[in-house]
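Throughout, the working numbering is defined as the position within the sequence shown, counted from one, plus 312. Using N, Cα and C, we set each Cβ at its ideal position, and we do this for glycine too. Given the structure is predicted, the values throughout are model-derived calculations rather than measurements. Below is one structure; the comments refer to it alone.
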Amino acid sequence: MTEGLLKRYFPILTWLPQYRKKWLSLDLIAGLTVWMVIVPEAMAYAGIANVPPLMGLYTVPLPLFLYAILGSSRLMVVGPDSATALISASVVGALAGAGSAQFMALTSALAIAVGVFFLAFGLLKMGWIASFISVPVMAGFLEGIVLITILGQIPALLGIQKASGDFFPKTWALLQQLPGMGWLVPAIGLGSLALILILKQAAPKLPGGLIAVTVAILATMGLGLTGKGVDVVGMLATKLPAIRLPQASLSQYMALIPGALAIVLLGYIETLASAEGAALKGGGDVDPDQELIALGAANLGTGASGGFIAVGSLSKTSVAMDAGGKTQMAYVFTGALVLLTLRFLMPLLANLPYATLAAIVIAAMIDLDQSRKLARFWRYSPIEFSLGLAALFGVLIFGILPGVGLGVGLSLLVLIWRSAHPGVAVLGQMPDGCTFRDIARHPEARTFPGMLIFRIDAQLTFPDSDYFTAMVKREIARAQEPVQVVLIDAETINDVDITGTKALKKLNATLATQDIDLWLAQVKDPVFDKLRRMDVITDIGVDHCFKSVKKAVQAFERLSS
Numbered sequence: 313m314t315e316g317l318l319k320r321y322f323p324i325l326t327w328l329p330q331y332r333k334k335w336l337s338l339d340l341i342a343g344l345t346v347w348m349v350i351v352p353e354a355m356a357y358a359g360i361a362n363v364p365p366l367m368g369l370y371t372v373p374l375p376l377f378l379y380a381i382l383g384s385s386r387l388m389v390v391g392p393d394s395a396t397a398l399i400s401a402s403v404v405g406a407l408a409g410a411g412s413a414q415f416m417a418l419t420s421a422l423a424i425a426v427g428v429f430f431l432a433f434g435l436l437k438m439g440w441i442a443s444f445i446s447v448p449v450m451a452g453f454l455e456g457i458v459l460i461t462i463l464g465q466i467p468a469l470l471g472i473q474k475a476s477g478d479f480f481p482k483t484w485a486l487l488q489q490l491p492g493m494g495w496l497v498p499a500i501g502l503g504s505l506a507l508i509l510i511l512k513q514a515a516p517k518l519p520g521g522l523i524a525v526t527v528a529i530l531a532t533m534g535l536g537l538t539g540k541g542v543d544v545v546g547m548l549a550t551k552l553p554a555i556r557l558p559q560a561s562l563s564q565y566m567a568l569i570p571g572a573l574a575i576v577l578l579g580y581i582e583t584l585a586s587a588e589g590a591a592l593k594g595g596g597d598v599d600p601d602q603e604l605i606a607l608g609a610a611n612l613g614t615g616a617s618g619g620f621i622a623v624g625s626l627s628k629t630s631v632a633m634d635a636g637g638k639t640q641m642a643y644v645f646t647g648a649l650v651l652l653t654l655r656f657l658m659p660l661l662a663n664l665p666y667a668t669l670a671a672i673v674i675a676a677m678i679d680l681d682q683s684r685k686l687a688r689f690w691r692y693s694p695i696e697f698s699l700g701l702a703a704l705f706g707v708l709i710f711g712i713l714p715g716v717g718l719g720v721g722l723s724l725l726v727l728i729w730r731s732a733h734p735g736v737a738v739l740g741q742m743p744d745g746c747t748f749r750d751i752a753r754h755p756e757a758r759t760f761p762g763m764l765i766f767r768i769d770a771q772l773t774f775p776d777s778d779y780f781t782a783m784v785k786r787e788i789a790r791a792q793e794p795v796q797v798v799l800i801d802a803e804t805i806n807d808v809d810i811t812g813t814k815a816l817k818k819l820n821a822t823l824a825t826q827d828i829d830l831w832l833a834q835v836k837d838p839v840f841d842k843l844r845r846m847d848v849i850t851d852i853g854v855d856h857c858f859k860s861v862k863k864a865v866q867a868f869e870r871l872s873s
């Protein structure tokens with residue numbers, strides 16, 4: 313039992329003993345490939361979080377090592393993420409000035425808070441929290457993140473001044489600066505962006521970000537661009553991250569809780585999507601609750617080592633899989649290479665232009681564009697498209713956290729409305745004589761004068777019980793001939809609660825005053841047991857409960873003949 317428990321919470325104990333020697337070379341190549349992608353991206357995403365590039369690199373090693381031990385996915389890459397980095401900047405920005413020591417400490421403290429929530433939710437087996445954001449709301453939210461992030465990188469990309477305010481005022485302020493901007497920084501930024509996008513199309517397996525970084529550094533050094541108004545990263549410390557808790561008070565941690573919960577929700581959905589994507593391509597099974605535990609440990613690690621939020625990355629996972637990676641050992645190699653980079657290679661990055669880092673971020677955001685997905689939602693369901701659009705404009709107009717809250721709130725309202733207004737149908741007998749279908753969709757279905765066959769496509773519980781009785785009464789009123797029997801096709805009713813049983817008893821009593829009998833057909837055994845315990849079967853009568861709709865119809869025809 314102890315061994316099983318250990319393997320449950322430490323998946324490495326399952327996959328590592330099964331490791332094959334022939335995988336080693338493949339994992340080494342995949343680890344090197346991910347290193348070439350994750351180093352420039354980590355530095356670039358640090359800019360989104362409003363922290364120095366070094367903190368981006370600190371976000372890589374410990375999360376990779378800890379996820380390799382605790383994660384249930386054999387192939388997913390964990391590390392810095394653009395969307396959660398932007399939320400981090402928004403949350404911490406409300407408590408401290410950007411660039412200050414307190415801002416950086418609170419950024420790491422936010423990762424600690426996120427790690428605690430992830431860990432607690434995982435131990436409590438709350439993997440179901442991902443269902444609180446629907447796909448359209450998630451798409452609208454991510455599209456808002458994409459637009460805000462791109463807008464935030466425009467000043468560094470083009471060498472113009474940053475603007476303050478919300479999305480639309482900031483856009484207008486940046487547009488006003490375009491006529492007076494220079495040409496050198498835009499040439500570097502736009503050139504880097506073009507290079508990354510071209511390589512992504514022409515040679516997708518090449519590390520476009522690393523190639524753009526290398527070209528930009530060589531051009532900056534060779535042409536002496538640092539003296540011509542090109543902002544560069546500068547000399548960064550060549551040191552490994554120190555393991556210590558960030559300097560933050562209890563009251564500051566309390567202030568971070570709302571933002572931490574929003575990041576947990578978004579980060580978990582992103583991670584689960586990445587892990588499941590890897591699983592579909594041969595990455596093994598995924599345990600949603602264990603993913604929460606692994607993310608908790610990863611974020612505790614990055615917070616304690618001076619980094620920011622770490623979650624699963626679908627793009628970097630895809631890179632590793634394309635490179636032939638087989639297990640989490642590949643990312644252990646990646647983490648080790650990042651540590652070597654921090655210790656020995658940082659001077660090589662001193663001449664890296666911020667415009668190139670902005671280009672890397674914008675290229676990543678282009679990959680996350682959700683506009684086509686939102687357009688498909690419009691064709692499928694205008695209501696769900698409206699939810700996505702509400703989340704999008706909620707983020708752009710009110711900010712990231714209010715936008716998340718608006719999207720989740722609207723999703724819950726729609727869920728409640730749908731629970732209270734399930735699908736209903738009046739059924740008729742199809743020409744085959746055996747099946748019964750909705751007469752609104754099948755005009756050829758035969759109806760039986762004096763008999764109303766009604767179906768509700770939901771559980772009969774408190775949210776929809778009043779709607780159920782109201783719809784039955786409506787259909788009775790619409791009937792062209794007086795109704796003698798209302799037959800409820802209960803095949804789709806998987807559960808009934810006390811409110812639902814009371815609704816049936818009340819409906820039966822009401823119909824009896826109108827000389828209308830209430831019959832039931834195809835009641836599932838667990839539902840039948842509940843109805844019997846609440847005396848519904850006694851009230852309706854066992855002889856009015858049928859195994860099939862067809863048998864009920866035959867009984868009605870015999871009664872009417």
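Is it buried or exposed for residue i, if we count other Cβ within 10 angstroms and need 16 for buried?
{"i": "T773", "result": "buried"}
{"i": "F656", "result": "exposed"}
{"i": "W831", "result": "buried"}
{"i": "Y580", "result": "buried"}
{"i": "T314", "result": "exposed"}
{"i": "R767", "result": "buried"}
{"i": "R758", "result": "exposed"}
{"i": "S476", "result": "exposed"}
{"i": "Y692", "result": "exposed"}
{"i": "R786", "result": "exposed"}
{"i": "L652", "result": "exposed"}
{"i": "C857", "result": "buried"}
Sort the options by Cα distance to residue i and report the nearest one.
{"i": "E869", "options": "G762, Q488, A815, L843", "result": "G762"}
{"i": "D744", "options": "V736, A642, H754", "result": "H754"}
{"i": "G717", "options": "M388, I399, P519, Q640", "result": "I399"}
{"i": "R844", "options": "I828, F620, K814", "result": "K814"}
{"i": "F705", "options": "L459, M783, K862, Q792", "result": "L459"}
{"i": "P659", "options": "M547, E756, T759, T850", "result": "M547"}
{"i": "L664", "options": "I712, Y643, D601, V545", "result": "V545"}
{"i": "W495", "options": "F479, L470, F480", "result": "L470"}
{"i": "G711", "options": "Q796, L454, F377", "result": "L454"}
{"i": "M367", "options": "F377, L378, Y379, V351", "result": "V351"}
{"i": "L463", "options": "I360, Q559, N611", "result": "I360"}
{"i": "L487", "options": "P467, L505, G539", "result": "P467"}
{"i": "A506", "options": "M533, A528, R730, K517", "result": "A528"}
State the DSSP-derived secondary structure class of residue i, mapped to helix, strand or coil.
{"i": "W831", "result": "strand"}
{"i": "P694", "result": "helix"}
{"i": "R758", "result": "strand"}
{"i": "D807", "result": "coil"}
{"i": "D778", "result": "helix"}
{"i": "A572", "result": "helix"}
{"i": "G745", "result": "coil"}
{"i": "A737", "result": "strand"}
{"i": "G624", "result": "strand"}
{"i": "G503", "result": "helix"}
{"i": "P665", "result": "strand"}
{"i": "F858", "result": "strand"}
{"i": "G463", "result": "The identity of residue 463 in the sequence shown is Leu, whereas the question assumes Gly. It is helical."}
{"i": "V346", "result": "helix"}
{"i": "V544", "result": "strand"}
{"i": "L772", "result": "strand"}
{"i": "Y321", "result": "helix"}
{"i": "A337", "result": "The amino acid occupying residue 337 in the given sequence is Ser; Ala does not appear at that position. S337: helix per DSSP, three-state reduction."}
{"i": "S446", "result": "coil"}
{"i": "S872", "result": "helix"}
What are the boundary residues of the beta strand (DSSP E) that includes residue i?
{"i": "M763", "result": "763-768"}
{"i": "V389", "result": "389-391"}
Hey, residue i and residue j are a contact pair by Cβ (cut 8 Å); roughly how many whole angstroms apart?
{"i": "V346", "j": "V631", "result": "6 Å"}
{"i": "D543", "j": "Y370", "result": "About 22 Å; that fails the 8 Å criterion."}
{"i": "I672", "j": "G521", "result": "5 Å"}
{"i": "L382", "j": "A606", "result": "4 Å"}
{"i": "L713", "j": "P481", "result": "Wrong, their Cβ atoms sit about 19 Å apart, outside the cutoff."}
On the DSSP letters alone, give me the boundaries of the alpha helix (DSSP H) that residue i sits inside.
{"i": "D750", "result": "D750 -> not in any alpha helix (DSSP H); beta strand (DSSP E) instead, spanning 748-750."}
{"i": "V403", "result": "394-405"}
{"i": "V797", "result": "Not the alpha helix (DSSP H): V797 falls in the beta strand (DSSP E), residues 797-801."}
{"i": "Q488", "result": "479-489"}
{"i": "G619", "result": "Taken as a continuous stretch (DSSP letters only), G619 belongs to no alpha helix (DSSP H), as it is neither H nor E."}
{"i": "G494", "result": "Looking at the DSSP string, G494 is not in any alpha helix (DSSP H), and its letter there is neither H nor E."}
{"i": "L418", "result": "413-435"}
Of all Cβ atoms in chain D, is any one closer than 8 Å to the Cβ of residue i?
{"i": "M641", "result": "You won't find chain D in this structure, because it holds only one protein chain."}
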